[in-house]
Amino acid sequence: MNFSEEFGFAPAKEIQVTDLDAKTRNRLFNIFHSSVERTGQSGYIYEYLSDKLGYVIGFRDSDKVKKRFLNQTDDSNWYDAYDIITFFFELIFHMNEYQFLEYYGRAPFNTKYSFLENVEKQINQVLEGEKSGYRMVKYRLVAITGEEEIQSIKDSLSNPFGAVSTHMQKALELYSDRDNPDYVNSIKESISAVESMCCVITGAKGKQATLGQTIKKLEENGVTIHPSQQKAFSELYGFTNDAGGIRHGKKEYTNILSEDALYMLVTCSAFINYLKVKYEPLLSGTGAENNADA
């Protein structure tokens with residue numbers, strides 16, 4: 001974690017869905033620029049990209065493309081970098097093999113596909129490291145999470161019950177640390193946030209204050225959920241809390257990936273928000289009948 005984030009001088013990084021910060025943009029540009037230069041056809045490529053962006057071609061095409069990529073023109077948009085990367089991949093992909101090999105037929109990229117796969121791998125490393133909401137899959141950018149999921153996480157951070165929001169904030173910080181992400185402990189914190197929400201509803205404390213125990217007592221405390229939901233979260237709790245589970249730390253979970261932690265972050269935040277909506281009528285005294293029908 002950066003010094004500024006660790007000591008609270010800067011907020012924890014959020015998943016980038018509808019924006020692209022300067023650091024991420026610059027890192028993507030470095031990959032894009034070096035990839036264009038390696039093809040030996042930079043003039044042709046920049047002319048093509050200039051046309052795709054709607055410029056008159058033939059005059060400083062590379063400068064126009066670079067400035068749009070780096071958000072340095074009046075007509076720049078935050079997503080221009082992604083558009084340019086997509087156009088670049090489309091161009092290389094649709095080259096015939098002879099045209100590609102004529103200019104770039106040297107090891108280790110002796111086909112256009114091996115070249116594109118290498119560039120895609122580099123781009124995905126940046127997108128994952130900088131917590132972009134997108135990844136490249138088969139030479140196209142796809143969303144790995146939507147605005148609704150991001151909003152769900154944000155809503156859970158503003159939960160009125162302190163322990164719940166504290167765990168969710170920590171889960172997000174551990175996941176979004178761009179220098180040293182901790183996906184295992186992010187998952188632990190996500191589950192702990194759900195556990196805390198269930199404890200708020202049931203009033204459980206001490207040895208009874210576990211998700212495995214409290215989720216079974218939601219209904220008797222006025223919060224009715226579908227049995228399949230109860231089963232699903234009981235199984236998630238088992239995954240993290242059994243003898244060899246993540247929360248016990250008895251084995252190294254080296255195969256826990258970014259997408260695993262993100263899934264838990266989104267899933268747990270949605271369940272917390274759902275329980276909060278179910279629980280609020282009880283706090284306001286409107287009774288449990290409406291809650292059971294919700």
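Numbering (the UniProt record's numbering), first residue to last: 1 to 294. Virtual Cβ for every residue (Gly too), placed ideally from N, Cα, C.
Setting aside the 5 residues that flank it on each side, Q125 has no residue in the same chain whose C-beta is closer than 6 Å to its C-beta. Remark: C-beta atoms of L262 and Y237 do not approach each other more closely than 8 Å.
Straight-line spacing of the CA atoms in Q151 and V277 works out to 15 Å.
Spanning the alpha carbons of I57 and M264 requires a straight line of approximately 47 Å.
In terms of Cα proximity to K131, the closest of A143, T214, F115 and E120 is A143. Judged by pairs of C-beta atoms under 8 Å, the stretch 169-178 does not touch the stretch 37-52, as fewer than three such pairs exist. Collapsing the DSSP output to three states places M95 in coil. With respect to the 8 Å criterion, I123 and L257 are not classified as neighbours on the basis of their beta carbons. By alpha-carbon distance to Q213, the top candidate from G222, S234 and V223 is S234. Contact between F32 and I85 holds: their C-beta atoms lie close to 6 Å from each other, under 8 Å. Under the three-state reduction of DSSP, L141 is assigned to strand. Using a 10 angstroms sphere on the CB of L283, the tally of other CB atoms stays under 16, which defines it as exposed.
Taking S62 as the centre and dropping the five residues before and after it, the same chain places the C-beta of Y46 closer than 6 Å to its C-beta, in chain order.
Within the model, the alpha-carbon separation for K207 versus E128 is close to 38 Å. At a Cβ-Cβ threshold of 8 Å, L70 and F89 do not count as neighbours.
Assigned with DSSP and collapsed to three states, Y134 falls in strand. Less than 8 Å separates the beta-carbon of V200 from that of V164. In this structure, K170 is the residue among V194, K170 and M197 with its C-alpha nearest to the C-alpha of S186.
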